[in-house]
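Chains as they are written, first to last, in this note's numbering: chain A, 21 to 156; chain B, 21 to 156; chain C, 21 to 156.
Ideal Cβ placement from N, Cα and C applies to all residues, glycine included.
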Amino acid sequence: MTMPYARISLLKGKPAPHIRAVADSLHRALVDAFGVPLKDRFQIIQSLAPEEFIFDRDYLFGPRSDDFVLVHITAGRPRDAATREAFYQRAVAYLGEAPGLRPEDVMIVISTTQTDEWSFGCGVAGVLGGRPAPAS
Amino acid sequence: MTMPYARISLLKGKPAPHIRAVADSLHRALVDAFGVPLKDRFQIIQSLAPEEFIFDRDYLFGPRSDDFVLVHITAGRPRDAATREAFYQRAVAYLGEAPGLRPEDVMIVISTTQTDEWSFGCGVAGVLGGRPAPAS
Amino acid sequence: MTMPYARISLLKGKPAPHIRAVADSLHRALVDAFGVPLKDRFQIIQSLAPEEFIFDRDYLFGPRSDDFVLVHITAGRPRDAATREAFYQRAVAYLGEAPGLRPEDVMIVISTTQTDEWSFGCGVAGVLGGRPAPAS
Numbered sequence: 021m022t023m024p025y026a027r028i029s030l031l032k033g034k035p036a037p038h039i040r041a042v043a044d045s046l047h048r049a050l051v052d053a054f055g056v057p058l059k060d061r062f063q064i065i066q067s068l069a070p071e072e073f074i075f076d077r078d079y080l081f082g083p084r085s086d087d088f089v090l091v092h093i094t095a096g097r098p099r100d101a102a103t104r105e106a107f108y109q110r111a112v113a114y115l116g117e118a119p120g121l122r123p124e125d126v127m128i129v130i131s132t133t134q135t136d137e138w139s140f141g142c143g144v145a146g147v148l149g150g151r152p153a154p155a156s
Numbered sequence: 021m022t023m024p025y026a027r028i029s030l031l032k033g034k035p036a037p038h039i040r041a042v043a044d045s046l047h048r049a050l051v052d053a054f055g056v057p058l059k060d061r062f063q064i065i066q067s068l069a070p071e072e073f074i075f076d077r078d079y080l081f082g083p084r085s086d087d088f089v090l091v092h093i094t095a096g097r098p099r100d101a102a103t104r105e106a107f108y109q110r111a112v113a114y115l116g117e118a119p120g121l122r123p124e125d126v127m128i129v130i131s132t133t134q135t136d137e138w139s140f141g142c143g144v145a146g147v148l149g150g151r152p153a154p155a156s
Numbered sequence: 021m022t023m024p025y026a027r028i029s030l031l032k033g034k035p036a037p038h039i040r041a042v043a044d045s046l047h048r049a050l051v052d053a054f055g056v057p058l059k060d061r062f063q064i065i066q067s068l069a070p071e072e073f074i075f076d077r078d079y080l081f082g083p084r085s086d087d088f089v090l091v092h093i094t095a096g097r098p099r100d101a102a103t104r105e106a107f108y109q110r111a112v113a114y115l116g117e118a119p120g121l122r123p124e125d126v127m128i129v130i131s132t133t134q135t136d137e138w139s140f141g142c143g144v145a146g147v148l149g150g151r152p153a154p155a156s
């Protein structure tokens with residue numbers, strides 16, 4: 021019950037299997053290290069032209085290549101520092117396996133919201149299940 | 021004085037009137053149930069190819085169809101739980117009227133900021149009016 | 021050590037030098053007034069069709085023109101109100117110089133996260149340097 025959604029930004033022109041592998045590996049890391057259920061998967065991928073995606077190639081932990089991905093996770097509840105760090109490491113490891121990203125090319129930002137700032141559907145706040153959906 | 025802005029993500033290929041109805045109904049719900057002035061309307065609509073918009077069809081309150089919309093509201097001040105829930109319900113109801121979305125196809129996430137984390141224009145923080153704009 | 025990233029939304033069809041000037045001037049304001057290192061530059065520019073970018077032309081500090089930009093800064097640590105306001109003013113001033121935006125056409129929103137909600141690369145949390153990257 022953790023409801024993150026991920027916004028993944030990368031340079032335009034990557035083949036579809038590359039993009040799919042980025043999305044898959046990122047979600048695998050969320051499941052394995054961030055307490056996210058397997059089916060709790062919501063991802064937006066934004067492919068940007070070079071003039072639309074400006075990133076410093078060297079600032080902190082570079083160098084970054086054209087494979088650079090900026091991942092923004094909007095999370096539904098806070099995680100402690102150890103969990104966050106484990107997630108970062110797992111994400112880098114899995115993305116290194118597929119599609120083969122270099123560790124330097126993975127930047128992650130997490131924004132934290134509260135559980136009842138989410139409605140998954142039917143106008144119901146949070147993850148309260150088993151109640152009739154008010155608006156259906 | 022509430023300054024939200026909304027980022028609406030949906031699958032590419034919807035007709036313009038469908039998209040407009042989504043935006044209109046969502047804003048109507050913000051006005052009626054979230055304390056947003058009618059003219060305080062700022063919306064970004066992102067139409068995504070299927071491989072750019074990955075969402076689980078069944079996780080919590082599904083099933084979701086190709087009409088699924090993910091709405092991310094960045095709000096300028098906190099609302100209480102009752103207000104948020106009333107807004108979710110109103111949004112689902114209005115989106116059900118036009119363009120006719122199923123309740124299961126409406127996911128909403130709210131991020132909360134502080135009032136003076138906004139500048140509507142002219143370099144002026146928050147909603148302080150009546151002062152000369154410093155940079156004009 | 022401040023790690024913001026900026027998401028800049030504007031209407032589609034602007035010439036490349038216009039877009040570049042928006043990005044450059046905004047970053048210059050972050051550096052000069054928001055405590056951001058020159059090389060700490062990460063920007064996403066989203067060019068939107070008119071039906072994808074709905075903004076009220078007059079609400080608070082308008083009127084807004086087709087040059088309107090909505091800038092969303094995701095910051096890595098809180099700033100005090102004076103810093104934020106100085107940044108707003110600086111941004112409007114620099115964007116007025118290049119590409120020549122009117123003050124009314126600059127809207128800024130800041131979301132604040134915590135330092136260790138960021139990983140710049142290599143799976144390392146925050147800005148801790150000098151340690152071996154765990155996943156490399």
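- Excluding sequence positions up to five before and after residue 46 of chain B, its CB lies within less than 8 Å of the CB of 26, 28, 63, 91, 111, 114 and 115, all in the same chain and listed in chain order.
- The beta carbon of residue 59 of chain B sits closer than 9 Å to some beta carbon of chain C.
- Contact check for residue 78 of chain C and residue 32 of chain B: beta-carbon distance about 31 Å, past the 8 Å limit, so the pair fails to qualify.
- Around the Cβ of residue 105 of chain B, a 10 Å sphere holds 16 or more other Cβ atoms; the residue is buried.
- If you draw a straight line from the Cα of residue 88 of chain B to the Cα of residue 136 of chain A, it comes to about 20 Å.
- One thing to note: residue 129 of chain C has its Cβ within 9 Å of the Cβ of residue 94 of chain B.
- Any Cβ of chain A closer than 9 Å to the Cβ of residue 73 of chain C would place that residue at the interface, and such an atom is absent.
- Taking a C-beta distance under 9 Å as the contact criterion, residue 123 of chain B and residue 96 of chain A do not qualify as a contact pair.
- Residue state for residue 103 of chain B is assigned as helix, using DSSP reduced to three classes.
- Taking a beta-carbon distance threshold of 9 Å, residue 133 of chain B counts as an interface residue toward chain C.
- Of the other Cβ atoms in all chains shown, fewer than 16 fall within 10 Å of the Cβ of residue 85 of chain A; this residue is therefore exposed.
- Within the DSSP bridge table, the entry for residue 39 of chain B names no partner.
- The beta carbon of residue 107 of chain A does not come within 9 Å of any beta carbon belonging to chain B, so the residue lies off that interface.
- Restricting attention to A:131, A:35, A:108 and A:61, the CA atom closest to the CA of residue 80 of chain B is found in A:61.
- Our two residues, residue 49 of chain B and residue 103 of chain B, have alpha carbons roughly 11 Å apart in a direct line.
- Residue contact check for residue 136 of chain A against chain B: a CB pair falls below 9 Å.
- At a beta-carbon threshold of 7 Å, the residues of chain C lying near residue 43 of chain B are 74, ordered along the chain.
- For residue 63 of chain C, the beta-bridge partners assigned by DSSP are A:74 and C:26.
- In the assembly as shown, residue 120 of chain A is an exposed residue. Its beta-carbon has fewer than 16 other beta-carbons within 10 Å.
- Contact note: residue 127 of chain B reaches chain A through 25, 62, 138, 139, 140 and 141, using a C-beta cutoff of 9 Å and chain order.
- Between residue 131 of chain A and residue 131 of chain B, the C-beta spacing is below 9 Å.
- Residues of the same chain with a CB within less than 6 Å of the CB of residue 82 of chain B, apart from the 5 flanking positions on each side, are 124 in chain order.
- Contact with chain A is absent for residue 118 of chain B, since none of that chain's Cβ atoms lies less than 9 Å from the residue's Cβ.
- Ranking B:117, B:133, B:66 and B:108 by CA distance to the CA of residue 144 of chain A puts B:108 first.
- Secondary structure at residue 95 of chain B: strand, using DSSP grouped into helix, strand and coil.
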